[in-house]
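Trainee: As they're listed, the protein sequences go chains A and B.
So that you can map any letter, position 175 of the first sequence is 174 in numbering that gives the first Met the number 0, and since no number is skipped, the others follow by simple counting.
So that you can map any letter, position 168 of the second sequence is 167 in numbering that gives the first Met the number 0, and since no number is skipped, the others follow by simple counting.
Just so it is clear, CB atoms sit at the ideal spot from N, CA and C, and this is done for glycine as well.
There are 2 protein chains.
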Amino acid sequence: MTDPVELPQIPAIVLVRPQMGENIGAAARAMWNFGLDRMRIVAPRDGWPNPAAVAMASGAGRLLDKAQLCDDLPVACADCDYVFATTARSRDLIKPVFSPEAAMTEAARRIASGQRVAVLFGPERAGLENEDIARANAIISVPVNPHFASLNLAQCVLLMGYEWMRAQGNVTAQQTQMAGTDWASGQEIEHLAAHYEERLETSGFFFPDHKVASMKLNLRNMWSRMPLTRADVQMLHGMMRQMVRWKERD
Amino acid sequence: MTDPVELPQIPAIVLVRPQMGENIGAAARAMWNFGLDRMRIVAPRDGWPNPAAVAMASGAGRLLDKAQLCDDLPVACADCDYVFATTARSRDLIKPVFSPEAAMTEAARRIASGQRVAVLFGPERAGLENEDIARANAIISVPVNPHFASLNLAQCVLLMGYEWMRAQGNVTAQQTQMAGTDWASGQEIEHLAAHYEERLETSGFFFPDHKVASMKLNLRNMWSRMPLTRADVQMLHGMMRQMVRWKERD
Numbered sequence: 000m001t002d003p004v005e006l007p008q009i010p011a012i013v014l015v016r017p018q019m020g021e022n023i024g025a026a027a028r029a030m031w032n033f034g035l036d037r038m039r040i041v042a043p044r045d046g047w048p049n050p051a052a053v054a055m056a057s058g059a060g061r062l063l064d065k066a067q068l069c070d071d072l073p074v075a076c077a078d079c080d081y082v083f084a085t086t087a088r089s090r091d092l093i094k095p096v097f098s099p100e101a102a103m104t105e106a107a108r109r110i111a112s113g114q115r116v117a118v119l120f121g122p123e124r125a126g127l128e129n130e131d132i133a134r135a136n137a138i139i140s141v142p143v144n145p146h147f148a149s150l151n152l153a154q155c156v157l158l159m160g161y162e163w164m165r166a167q168g169n170v171t172a173q174q175t176q177m178a179g180t181d182w183a184s185g186q187e188i189e190h191l192a193a194h195y196e197e198r199l200e201t202s203g204f205f206f207p208d209h210k211v212a213s214m215k216l217n218l219r220n221m222w223s224r225m226p227l228t229r230a231d232v233q234m235l236h237g238m239m240r241q242m243v244r245w246k247e248r249d
Numbered sequence: 000m001t002d003p004v005e006l007p008q009i010p011a012i013v014l015v016r017p018q019m020g021e022n023i024g025a026a027a028r029a030m031w032n033f034g035l036d037r038m039r040i041v042a043p044r045d046g047w048p049n050p051a052a053v054a055m056a057s058g059a060g061r062l063l064d065k066a067q068l069c070d071d072l073p074v075a076c077a078d079c080d081y082v083f084a085t086t087a088r089s090r091d092l093i094k095p096v097f098s099p100e101a102a103m104t105e106a107a108r109r110i111a112s113g114q115r116v117a118v119l120f121g122p123e124r125a126g127l128e129n130e131d132i133a134r135a136n137a138i139i140s141v142p143v144n145p146h147f148a149s150l151n152l153a154q155c156v157l158l159m160g161y162e163w164m165r166a167q168g169n170v171t172a173q174q175t176q177m178a179g180t181d182w183a184s185g186q187e188i189e190h191l192a193a194h195y196e197e198r199l200e201t202s203g204f205f206f207p208d209h210k211v212a213s214m215k216l217n218l219r220n221m222w223s224r225m226p227l228t229r230a231d232v233q234m235l236h237g238m239m240r241q242m243v244r245w246k247e248r249d
């Protein structure tokens, strides 16, 4: 999943469970219009490669050739330090919400400080699931006419690309507040979340049944929202391991 | 050509000699996504009304019904005080050149002062003629990838609509959703830290002795560094309580 080091770092555009090949191709064109060429595709409905996508991408076909096909979202974000989720509807999940401009400025700032950033786009029909968004660090909300919000996938990608290009002008070399901090990767957060979910499941934490789904969602969302370092993650793993040892000791 | 006075003044979107009905319909949707509903159409290639435009405009059809059909550009701009011309290629003509953001900010300023503003978009194939641009007061140039500038008519309209909405100040600023968040108080964080420290102490987590102090410090530091909500804190208390119940169950 890692990009060759010699490539300039730019946000990865992650299409989550896209449906129409035409839209994947149109998204590739929208990306390349603003110099974005790092596409990742998670579980496309019609498989991959997709001839309809290639036909629509004319001029940006190279992005599809280079696109990284992923089985699921955790794999697609494994090497990412910060993940934005684009969403039209507001969600109950507590996350920072960025405007497209603020998000791409933040992305440029993080990338300048050596982080890897991804932006998630959901399926055409329904958009991202809460389970997807719970894995993201922040939400991007596009301001649209509340009486008519009909941006399609490629249009949403287009606006992010446009703001990314605009952000190239106003990037300051400013470092993150905790520069040098060894932040946990998306993959490490994913493993932590899975470890806790598994152990808490065994311990009977997820109860009653009708609340299990939302309890798990809230826990996921908490982990992905926390600015966790590698050391934090190791400590949290250790805490849970010790609680289990304690249980099994006698 | 004059809009009823009770209508709020917004820029008129003028499609000059558009070719494909589909693109006219897509432009209508792009406009309405950002609250623009004043469309003018100059000498459409395939005549007017255009069934293909209506089919594509689904949801924004009202804009087409209201669209003003004009024989030529001078008629379309007759009532306008300031006209922007969108163009990809740079021209020899001496005109002020605006970025989309600067143009829509300027448009908002002029409209607030009572002027009427229009934005011209050329035919899909070749864009505006120099004769068209010569009639405009200023040029809008969209920053795109110099190696791949393939914005279509509706996408160009979409970007202007987006910048128009941004110029209204409607844009939800960064992190709005976090604003109303019910953050845990320092005291609640303190109780959480104490609860975990006590239970982990009992479970034998703090080991070996010479590391106990730094382990406790790191744990304290982690809790205090995390942006925890009241709900997070309750969940974390519950997780630990359940691990203890689990231990004591048998």
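1) Got a sec, what are the start and stop residues for the beta strand (DSSP E) A/MET38 sits in?
2) Would you kindly report the start and end of the unbroken alpha helix (DSSP H) that includes A/TRP227?
3) What residues from chain B crowd round A/PHE147, counting only those whose CB sits closer than 7 Å?
4) Can you tell me the Cα-Cα spacing of A/VAL41 and A/ARG16, whole angstroms?
5) Just the C-alpha distance for B/ARG28 and A/ALA107, rounded to the nearest angstrom, thanks.
6) Have a look at A/GLN67 and B/ALA135 and give me their C-alpha separation to the nearest angstrom.
7) Of all the residues that make up the region 13-30 of chain B, which are near chain E by a beta-carbon distance shorter than 8 Å?
8) For B/VAL211, collect the residues of the same chain with a Cβ closer than 7 Å to its Cβ; drop the 5 residues on either side in sequence, then sort them by chain order.
9) If the cut is a Cβ gap below 9 Å, which residues of chain B does A/ALA250 touch?
10) Is there at least one Cβ from chain A nearer than 8 Å to B/ARG229's Cβ?
11) Report the three-state DSSP secondary structure of B/ALA59 (helix, strand or coil).
12) Classify A/PRO99 as buried or exposed, calling it buried when 16 or more other Cβ atoms lie within 10 Å of its own Cβ.
13) Looking at the strands, I want to know which residues DSSP matches up with B/VAL116.
14) So, is the C-beta of A/ARG88 closer than 8 Å to a C-beta in chain B?
15) Please name the residues in the region 80-112 of chain B whose beta-carbon is closer than 9 Å to at least one beta-carbon of chain A, in chain order.
16) Since B/ILE188 and B/TRP163 should fall inside the 8 Å C-beta cutoff, what is the C-beta to C-beta distance between them, to a whole number of angstroms?
17) For the beta strand (DSSP E) that B/CYS69 lies in, which residues bound it at each end?
18) Ignore the nearest five residues each way along the sequence and tell me which others in A/ALA153's own chain have a CB closer than 8 Å to its CB.
19) Starting from A/VAL156, follow the alpha helix (DSSP H) in both directions and report where the run begins and ends.
20) What did DSSP end up calling B/LEU92 once you bin it into helix, strand or coil?
Mentor: In this structure, then:
1) Counted from its first residue, the first sequence places residue 38 of chain A at position 39. 38-41 is the span of the beta strand (DSSP E), which, as asked, contains A/MET38.
2) Position 228 of the first sequence, counted from the first residue, corresponds to residue 227 of chain A. Per the sequence presented here, residue 227 of chain A reads as Leu, with Trp not at that position. No alpha helix (DSSP H) contains A/LEU227, which DSSP labels as neither H nor E.
3) Walking along the first sequence from the start, residue 147 of chain A turns up at place 148. Neighbours of A/PHE147 on chain B, chain order: TRP31, ASN32, GLY58, ALA59.
4) The residue given as residue 41 of chain A occupies position 42 in the first sequence. The residue given as residue 16 of chain A occupies position 17 in the first sequence. The straight-line gap from Cα to Cα measures roughly 5 Å.
5) Here residue 28 of chain B is taken as the residue at index 29 of the second sequence, counted from 1. Here residue 107 of chain A is taken as the residue at index 108 of the first sequence, counted from 1. Near 31 Å, if we compare the C-alpha coordinates of A/ALA107 and B/ARG28.
6) Here residue 67 of chain A is taken as the residue at index 68 of the first sequence, counted from 1. Here residue 135 of chain B is taken as the residue at index 136 of the second sequence, counted from 1. Taking the straight line from one Cα to the other gives about 45 Å.
7) Structure shown: chain E not included; protein chains present are A and B.
8) The residue given as residue 211 of chain B occupies position 212 in the second sequence. PHE205.
9) Outside the displayed range of chain A (0 to 249) lies residue 250 of chain A, so it cannot be described from this structure.
10) Start at 1 with the first residue of the second sequence, and residue 229 of chain B comes out as number 230. No, B/ARG229 lies away from the interface with chain A (no Cβ there is under 8 Å from its Cβ).
11) Mapped onto the second sequence, residue 59 of chain B falls at position 60. The answer is coil: DSSP assigns B/ALA59 none of H, G, I, E or B.
12) Taking the first sequence and counting its residues from 1, the one referred to as residue 99 of chain A is at position 100. When all chains shown are included, A/PRO99 counts as buried.
13) Numbered from its first residue, the second sequence carries residue 116 of chain B at position 117. B/TYR81, per the DSSP bridge assignment.
14) On the first sequence, residue 88 of chain A is found 89 positions in, with the first residue counted as 1. For A/ARG88, the answer is no, since every Cβ of chain B falls outside 8 Å of its Cβ.
15) SER98, PRO99, GLU100
16) Start at 1 with the first residue of the second sequence, and residue 188 of chain B comes out as number 189. Start at 1 with the first residue of the second sequence, and residue 163 of chain B comes out as number 164. With a Cβ gap of about 44 Å, B/ILE188 and B/TRP163 do not count as contacting.
17) Position 70 of the second sequence holds residue 69 of chain B. Run containing B/CYS69: 67-69, per the beta strand (DSSP E) assignment.
18) Position 154 of the first sequence, counting from 1, holds the residue named residue 153 of chain A. Cβ within range, chain order: ASN22, ALA25, ALA26, ARG28, ALA29.
19) Here residue 156 of chain A refers to the residue found at position 157 when the first sequence is read from its first residue. Looking at the DSSP string, the run of the alpha helix (DSSP H) that includes A/VAL156 is 152-168.
20) The sequence position of residue 92 of chain B within the second sequence is 93, counting from 1. B/LEU92 falls in the coil class under three-state DSSP.
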